[in-house]
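Peer 1: Supplied in structure tokens, the structure appears directly below.
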Amino acid sequence: LDVETAPIRMERLLNAYDNIGLQLPGVVRPIYTSRWKWSIAFGARKWPHATESPLLEARYWFNSGFAPVVPPSLEWMWLPFGGWTERAMLQYAGTVPTINVGVDRCVYNQERMRFSGGTPPAPQGELTMSEYTELKALINEANAYTRRVHDAIVSRLAALERRVDGTPSPAPQPPAPGPRLEYVIVKRGDLAGNWFSSFTALLQLNPDFKTLAYRSDGSIMRRFSSRDWGDIYPPERLRVK
2 LDVETAPIRM ERLLNAYDNI GLQLPGVVRP IYTSRWKWSI AFGARKWPHA TESPLLEARY
62 WFNSGFAPVV PPSLEWMWLP FGGWTERAML QYAGTVPTIN VGVDRCVYNQ ERMRFSGGTP
122 PAPQGELTMS EYTELKALIN EANAYTRRVH DAIVSRLAAL ERRVDGTPSP APQPPAPGPR
182 LEYVIVKRGD LAGNWFSSFT ALLQLNPDFK TLAYRSDGSI MRRFSSRDWG DIYPPERLRV
242 K
């Protein structure tokens, strides 16, 4: 996720973070920004996911297009901000001519980047003939034991059935169905008053309405700091019954 100097709302960044998590469960979602860019966008606010969201910080050694001969340490000129206590990557130079191509220069710590995976297990060799024979014997023995247990259970059930009265027990009554939930999908031009008599009635069925909007599948569509009942957005899902 890229946080530049253009002012954006924290709710928009959180929405993007959540949407990526829904599409790619378990994926690491870093933030690329700088201390200055973050302060312009969010002031002193902290990123709620700083502990699991690696920081990729841009802090140039020289002006764009130039780079030092020796890369700096990852801790060079580090000052905590936004809730982060360390960088995972430092972009210390940008658009540096390299083999006729302008590239960014970075240093990073792989552990802080939270890359998953590791060394793949060594491939298993093929079974020898003696190993195959031993494995087949074990499988056959297990199958034979399973058949014996199955046959014994069937015999005991048959004996019990012969002893009991042949009158079948009445089937239990199915549980009473719960109240059926009904939803609507907001379309352009809709008003909350189409379905609710008051804001209180809306909140009784949609308690998260002030801070969250949901899609038809129940996933989060948008976040709000607070909203009134006149603020509904297509294709938001609302419970009406």
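For the sequence shown, the residue numbers in the working numbering are 2 to 242.
Ideal Cβ placement from N, Cα and C applies to all residues, glycine included.
Source: prediction; values computed, not measured.
How about Val108 and Ser74: do their beta carbons lie closer than 9 Å?
Peer 2: What you label residue 108 is simply residue 107 of the sequence shown in a count that begins at 1. What you label residue 74 is simply residue 73 of the sequence shown in a count that begins at 1. In this structure, Val108 sits near Ser74, with a CB-CB distance shorter than 9 Å.
Peer 1: For Leu2, which three-state DSSP category applies?
Peer 2: If you number the sequence shown from 1, residue 2 lands on position 1. Correct three-state label for Leu2: coil.
Peer 1: Under the assumption that Tyr18 contacts Arg10 (Cβ atoms under 8 Å), give the Cβ distance between them as a whole number of angstroms.
Peer 2: Against the sequence shown, residue 18 aligns to sequence position 17. Against the sequence shown, residue 10 aligns to sequence position 9. So it is not a contact: roughly 13 Å between Cβ atoms.
Peer 1: Mark Trp37 as exposed unless 16 or more other C-beta atoms lie within 10 angstroms of its C-beta, in which case mark it buried.
Peer 2: If you number the sequence shown from 1, residue 37 lands on position 36. Exposed: under 16 other Cβ atoms inside 10 Å.
Peer 1: Grab me the residues of Val185's own chain with a C-beta within less than 6 Å of its C-beta, minus the 5 sequence neighbours each way, in chain order.
Peer 2: Locating residue 185 in the sequence shown gives position 184, counting from the first residue. Cβ within range, chain order: Leu239 and Val241.
Peer 1: Grouping DSSP H, G and I as helix and E and B as strand, with all else coil, what is Gln174?
Peer 2: As a first step, residue 174 is located in the sequence shown; it is residue number 173 there, counting from the start. DSSP places Gln174 in coil when its eight states are reduced to three.
Peer 1: Residues bridged to Gly103 by DSSP?
Peer 2: Within the sequence shown, residue 103 is the residue found at index 102, counting from 1. Answer by DSSP bridge pairing, in chain order: Pro98.
Peer 1: In whole angstroms, give me the CA-to-CA distance for Ser65 and Ala94.
Peer 2: As a working mapping, residue 65 is identified with position 64 in the sequence shown. As a working mapping, residue 94 is identified with position 93 in the sequence shown. Approximately 6 Å between the Cα atoms of the pair.
Peer 1: Would the stretch 84-98 count as touching the stretch 45-60 if we require 3 or more Cβ pairs under 8 Å?
Peer 2: At 8 Å Cβ cutoff, the stretches touch.
Peer 1: In angstroms with no decimal places, state the Cα-to-Cα distance between Ala145 and Gly126.
Peer 2: Here residue 145 corresponds to residue number 144 of the sequence shown, with the count starting at 1. Here residue 126 corresponds to residue number 125 of the sequence shown, with the count starting at 1. Taking the straight line from one Cα to the other gives about 29 Å.
Peer 1: So Leu203 is in the alpha helix (DSSP H); what residue range does that whole segment cover?
Peer 2: Here residue 203 refers to the residue found at position 202 when the sequence shown is read from its first residue. Note, Leu203: alpha helix (DSSP H), Phe200 to Leu206.
Peer 1: Give every residue of the same chain whose Cβ lies closer than 7 Å to the Cβ of Met222, excluding the five residues on either side of it in the sequence, and list them in chain order.
Peer 2: As a position in the sequence shown, residue 222 is number 221, starting the count at 1. Here the set comprises Ala214, Tyr215, Arg216 and Glu237.
Peer 1: DSSP three-state call for Thr134: helix, strand or coil?
Peer 2: What you label residue 134 is simply residue 133 of the sequence shown in a count that begins at 1. Here Thr134 sits in helix by DSSP.
Peer 1: Grab the span of the alpha helix (DSSP H) containing Leu23 for me, first residue to last.
Peer 2: As a working mapping, residue 23 is identified with position 22 in the sequence shown. Met11 to Gln24 is the span of the alpha helix (DSSP H), which, as asked, contains Leu23.
Peer 1: Between which two residues does the alpha helix (DSSP H) containing Met222 stretch?
Peer 2: Counting from 1 along the sequence shown, the entry for residue 222 is found at position 221. Taken as a continuous stretch (DSSP letters only), Met222 belongs to no alpha helix (DSSP H), being part of the beta strand (DSSP E) at Ile221 to Arg224.
Peer 1: Between which residues of its own chain and Gln92 is the CB-CB distance below 6 Å, once the five residues before and five after are set aside?
Peer 2: Along the sequence shown, read from residue 1 onward, the residue named residue 92 stands at position 91. Hits under 6 Å: Ala59, Asp105 and Cys107.
Peer 1: By alpha-carbon positions, which one of Val4, Pro180 and Thr34 ends up nearest to Leu206?
Peer 2: Translated into the one-based positions of the sequence shown, residue 206 becomes position 205. Leu206 has its Cα closest to that of Pro180, out of Val4, Pro180 and Thr34.
Peer 1: Looking at the unbroken beta strand (DSSP E) that takes in Ala42, where does it start and where does it end?
Peer 2: Stepping through the sequence shown from its first residue, residue 42 is reached at position 41. Run containing Ala42: none in the beta strand (DSSP E); it sits in the alpha helix (DSSP H), Arg36 to Phe43.
Peer 1: With DSSP run on the structure shown, which of helix, strand or coil describes Leu91?
Peer 2: Locating residue 91 in the sequence shown gives position 90, where the first residue counts as 1. The answer is strand: DSSP assigns Leu91 an E or B state.
Peer 1: Going by DSSP, what residues sit across from Arg157 in a beta bridge?
Peer 2: The residue given as residue 157 occupies position 156 in the sequence shown. BP columns for Arg157 are empty, so no partner.
Peer 1: Could you pull the DSSP bridge partners for Ile140 from this structure?
Peer 2: The residue given as residue 140 occupies position 139 in the sequence shown. Looking at the DSSP assignment, Ile140 forms no beta bridge with any residue, so it has no partner.
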